[in-house]
Structure formats: structure tokens, C-alpha cells
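Inspection log for the structure reproduced underneath, given as C-alpha cells.
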Amino acid sequence: MMEWMSRAPFSLSPQDRRWVEETFRSLSLEEKVGQVFVLLCDELSEEKMQYVLGLKPGGIHRFPNGVSWETLASSAVFLQEHSRVPLLLTGDLEFSFFAVKIGDEGSEFQTQMGVAASSDPLRDVERMARIAAREGRALGYNVTFSPVVDINYNFRSTITGTRTFGSDADMVRRLSEVYVRVLQEEGMGACAKHWPGDGVDDRDQHLVTSCNSLSRDVWEASYGEVYRGVIQAGVQSIMSAHICAPALVDGPDRFVPASLSGDLTITFLRERLGFNGVVISDATPMAGFASQGKREDLLPRALDAGCDIILFSEDPEEDVQIVLDAVKSGRVAPERLDEAVLRILAWKAALGLHRVEDWSSHVRGLMEEARASREEHARWAEECFASSITLVKHENDILPISPQRYRRVLLLESRPPEVFGPSGFTPFKDYLEQEGFWVTRMEADVLPDPDLYDLAIYLLDHYTFMSEGRASIPWAELHGGAFRSMWRFWDDIPTVMISLSSPYFLFEAPTVGTYVNVYSPAEVGLKVLVDLLMGRREFRGRNPVDPFCGMEDVRGSCGG
């Protein structure tokens, strides 16, 4: 009856299976319903944690941005010690805009796209996964919602960006497989996302249900191969997104998103591709989910469609009651709830959570190991950035720069959106001044006068997340006003444009002569960038996507 637990990705021993079965039998109906929820705990106060624990969830999600290691570690211990069933403690440990490092003491690393740009991507993806697992587990995380296995087919896609391994499906597959294997070897559960594949539509599922519109054959040869690869690699969970894939579905429900589609999640993912692990819905407050109907209908539909875990809630008490009522009324079959709960418990057993006897000692031991590895992790990060920062375009021999050649620098730097709190400028200006450059930051009272400045540097750290429909160069912010957004002065002042975020900004600045993709705003990357600009290192990064967006006018004289 429970033979599936012995198969990948769980591969449970008889003892582990016995724990799953005994724990399952001990759960009340209310506790079973709680197990299918992973709830967000956005404030790690004891009062807030006690409230979330009172709902008896199967897992709790914590954002690590700017939070101290001590707070993250102690909160993990508190949560586990006060939960009868061990918790999935999840995070988005992507090294993306969610967090370039894990907690305040964490090691910075490249983004997934930056890893794909590396001259040694297989080395760097392994290191990326090891850091995420080691430092994440040190803070009590046991599941990361990564890797992102989407493909950057549409340069206008607002949410994929540097979070993916690029636009080459085979590269995405190979790097995703390594990431999954290494991450799970280190004891961290992986979650491949976003089924059935983002990066085709230029809309963001945070704002609208989006669509993977590829034909069946093209999907099979791209996303299909990626998902077959990560399933073969043993990925323990897959995130079912608010994305439809009409070519994969026969019948009237072709435009239903995967998170609500049994055709996509049960028939295709489980039965056709053979996935035996846990299916997690993407965040259910997202508009791509919420716009599909009333919440009291959507949550039962998500479970019926094959989602084992419901992710996030704006009103957890109400949502738990919705599912409880749906089970009691028969709208969700008890057998379906049982199947989901058993898979969740099997995952917890596969992660060894039931074998931890002293959570404080367990987490503290992992933290000591992670702290001992930080010097090595910092070296790995520097080597990755040195291998990945990409000189996309260099037509006017501006590089290398030096204070002797370009003493007076005009810096035009954008700030990222304030998604996870206040944002500020990077330390790039300080790094240049330490080298002897005189740097002026562009403001409303500053004019780009070639008699006053020898060099202009654009530093773009602008991405979209849940609020904008397109990643664009914020010209008005950079130039100090709406009318100034029309200025282009790179024929008067030698100019270098550098992106720390989207690799596609050349689309809006095709005539700029020198352009660099860094892929990340991490400080270690900025230090390497200064070395590269000054000629102390050679650019070795490769384009993991087409930075010219398929347009000849953007490519200019860069050749084929």
C-alpha cells in the first residue's frame, strides 16, 4: 500500500516508513488539515510564532533578508521544539532579489543566471548549492524553494530575469540536475519551480495568470526535458505555478493554471513524467491564483488538482477552516487529504527531521560548521564572479579605466524597488573613490557636462517584483527628472553601462558603446567588477541569454 515511500525521491527505510505511518495514525482531522499548509511567519517574535504554531501547520516560511543568524537559528529551534510534528522550515534561498545572502552573516553568491554565465558553470552551480544548503541548514531551514528551472525564452518576461539558468534548455537542465543532487546530498530539500514553466509569457503570475504557450513538441524538447532531468536527479518537490500550458491539456480546461489543473499536475506531472514527490502550490495570495475564483472554492480545487501543500495565506485561520469544511462536506475526498499528508510526512522523514532529538544542539552544531566554512564560501563567490561577469559590448576602447585616464566620474545609479524594506545605493561609488577616482553622483542639480566629467558610468540595479509589468531602465530616476529622461550623452562623455539585474537593458540603450552584465548586486561582485573595469582581471563571462534581444539594431557592430 505504501510502496511509493520506498521509491525516489523519498527512499525511506522500513523504520522511516513506520514513523510516517504511526505519526499519520496519531493525527486528528484538524491536524491533517494543518499539515497541508506552509504559512508565512514574517515576524519572528515569540507572539507571532506562537500564533502560527497554534494553527498546527505542516511548515513555516521565513524570509532571511537582513535577519541576524542568531534570530533565524533561535526561531527555528523555538518553532521545532513547540511543534508535535517536525516542521518544514522553508525559504527562497536563491541568491536572487529575495536575498543575495542568507541572513546577515551569510555568504554572497552569484545568481543562477550569473552561474550559467560562468566559464566553469558546473563548478559554480555545485558551490552555489553547497552554500545554500550549509548556511540554510545552519539557520534551521530544511527546504529551499529552488532551483528555478524556468527558461528565459522571452526577454520581456518580468519575473524570471536573473533567477534562471538562462535561455538554453540543455544548460538549464544540466545545471538544475547538479543543483538538486548537491543540495539534497547536503541535507536540504529542493523544490524545482515553476511548473509547467515560466519565461515564455511576459506577464507575471504575481499579477495575472500567465501562459506557457509553446506547442506540445517544443515544450517536450525544452521544459519537458528539464523536468525529466530534475525528476531523474531525485528532486523532492515541485512547485505548481499559476501558469497554464494549453498544448499539454486536451479539453475545455486548457487555460486553467497548473495549481488548479489536475490535467497538468496529476495526469501530466505525476502520471506521464512519473514524479513521486511533493507538489507545492505557488503562493496562493498571488493574483494568478486569486483571480480564478472565490477562495472557498480555490483551495479545495488546488488540493483536488494534486497540490499536496497550500503555500501562504492572508487569513490562515479562515483558510484552514475552508479546507476543514471542504473535507467534512466531501468536496475534498478524505483519501485525497490522506495522500497529501502522507507525502508531506514522507518528505519530513526523508529529510531526517524525525531523528533530531535536540533541536538546539542540532542547529548550533550546523551553525558552527557553516561559520567555519565562510572563508571558503567567500573564495568560491569571488571566483564565480570573476568567471561570470560579462563584457557584452565594447566598441569604443573605453576600457580599461584608470584615474589617470578618467579622473572625474559621473555615476548614474538606480536603486532597487523597496520590496523587502528600504533600499539604498551600493558601495560601488566608495570602491571607485578608493582607487583614486573623483566620483559625483547624478542628481537634479548636476548636469552631464563633458568639461566637468571624463567618464560616465550607469549602474542599473532595477528589477520588477509584484508591482511592475516590465523591467525598464529608470531614466527619470537616473537623470534627475522626467524631461531629463530623454538625455543621451554618451557621444559627448565616454560612457560605460553596467547592469546588476536584467541582462537585457541594451534593448533600451542600443547605441551605448560599452555594456557589462554583472547579474547580481552582491558586494563581492562589485569589487570584482572594479578589478575588471581597471584591467586587473580579464572578462571571462559568457552570455547565457541573448543580451541583444534578437534585434540587429541592438547588436550594432558586435558581430555575430
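Residues 1 to 560, numbered by full-length UniProt numbering, are exactly what the sequence shown covers, in order.
All residues carry an ideal CB built from backbone N, CA and C; glycine is no exception.
Limits of the unbroken alpha helix (DSSP H) element including residue i
| i | result |
| --- | --- |
| Ile457 | Not the alpha helix (DSSP H): Ile457 falls in the beta strand (DSSP E), residues 455 to 460. |
| Trp438 | Looking at the DSSP string, Trp438 is not in any alpha helix (DSSP H); the run it does join, the beta strand (DSSP E), is 438 to 441. |
| Val125 | 121 to 138 |
| Val20 | 14 to 26 |
| Lys328 | 316 to 329 |
| Ser176 | 169 to 185 |
| Met367 | 359 to 372 |
| Ala287 | 287 to 290 |
| Ile159 | Segment: none, Ile159 is in no alpha helix (DSSP H) and carries neither H nor E. |
| Val77 | 69 to 81 |
| Lys348 | 334 to 350 |
CB of residue i within 8 Å of CB of residue j, strictly
| i | j | result |
| --- | --- | --- |
| Ile280 | Ser240 | yes |
| Leu29 | Val20 | no |
| Arg163 | Val182 | no |
| Ala476 | Arg484 | yes |
| Val178 | Val125 | yes |
| Ser520 | Gly161 | no |
| Arg408 | Asp454 | yes |
| Cys384 | Phe63 | no |
| Val512 | Gly166 | no |
| Phe10 | Ala346 | yes |
| Pro61 | Gly106 | Looking at the sequence shown, residue 61 is not Pro but His. No, these two residues do not count as a Cβ contact at 8 Å. |
| Gly306 | Gly251 | no |
| Val226 | Ser146 | no |
| Val33 | Val320 | yes |
| Val356 | Asp308 | no |
| Gly66 | Asp104 | yes |
| Val235 | Val180 | yes |
| Leu260 | Ala302 | yes |
| Ala287 | Leu353 | no |
| Leu533 | Leu399 | yes |
6 Å Cβ shell around residue i - same chain, five flanking residues per side excluded
| i | result |
| --- | --- |
| Asn212 | Pro196, Gly197, Val200, Ile243, Ala245 |
| Leu411 | Lys429, Val439, Arg441, Ile457 |
| Asp531 | Arg537 |
| Ser157 | Gly199, Asp202 |
| Pro316 | Leu39, Leu55 |
| Gly59 | Val38, Leu87, Leu88, Thr90 |
| Arg254 | Pro246 |
Buried or exposed (CB count within 10 angstroms, at least 16 for buried), residue i
| i | result |
| --- | --- |
| Ala129 | buried |
| Gly436 | exposed |
| Glu94 | buried |
| Gly229 | buried |
| Lys328 | exposed |
| Glu314 | exposed |
| Pro14 | exposed |
| Lys372 | Sequence inspection shows Ala at residue 372; the Lys mentioned does not correspond to that position. So Ala372 counts as exposed. |
| Met188 | buried |
| Trp380 | buried |
| Glu135 | buried |
| Phe289 | buried |
| Met2 | exposed |
| Met551 | exposed |
| Arg343 | buried |
| Asp217 | exposed |
| Asp42 | exposed |
| Ser215 | exposed |
| Arg18 | exposed |
Beta-carbon proximity list for residue i, same chain, < 8 Å, skipping 5 on both sides
| i | result |
| --- | --- |
| His82 | Met49, Gln50, Leu53 |
| Ala221 | Ala169 |
| Trp219 | Pro196, Gly197, Asn212, Ala245, Ala247, Leu248 |
| Leu459 | Leu411, Leu412, Glu413, Ser414, Thr426, Phe428, Ile498, Leu500 |
| Phe78 | Glu46, Met49 |
| Leu27 | Gln35, Val85, Val341 |
| Pro300 | Ile322, Val323, Ala326, Arg331, Val332 |
| residue 561 | Outside the modelled stretch of the chain, which goes from 1 to 560, sits residue 561, for which no answer is possible. |
Residue i: first and last residue of the uninterrupted beta strand (DSSP E) it sits in
| i | result |
| --- | --- |
| Asp282 | 278 to 283 |
| Phe37 | 37 to 40 |
| Gly91 | 88 to 91 |
| Ile60 | 59 to 61 |
| Glu413 | 408 to 413 |
Spatial neighbours of residue i in its chain, beta-carbon cut-off 7 Å, leaving aside the 5 residues before and after
| i | result |
| --- | --- |
| Pro547 | Val392, Pro503, Tyr504, Leu506, Asn517 |
| Pro510 | Asp553, Val554, Gly556 |
| Ile231 | Leu273, Gly274, Phe275 |
| Asp492 | Pro450 |
Contact test: residue i Cβ vs the ligand MG heavy atom, cutoff 7 Å
| i | result |
| --- | --- |
| Leu72 | For the ligand MG, the structure offers nothing, since it holds no ligand at all. |
At a cut of 8 Å, does the region 90 to 110 reach the region 521 to 534 through at least three beta carbon pairs? The region 90 to 110, when compared against the region 521 to 534, does touch it at the 8 Å Cβ threshold.
On the three-pair Cβ rule with 8 Å, is the region 387 to 396 touching the region 114 to 126? yes
Cβ contact check for the region 358 to 372 and the region 326 to 334: 3 or more pairs under 8 Å: Cβ pair count under 8 Å is below three, so no.
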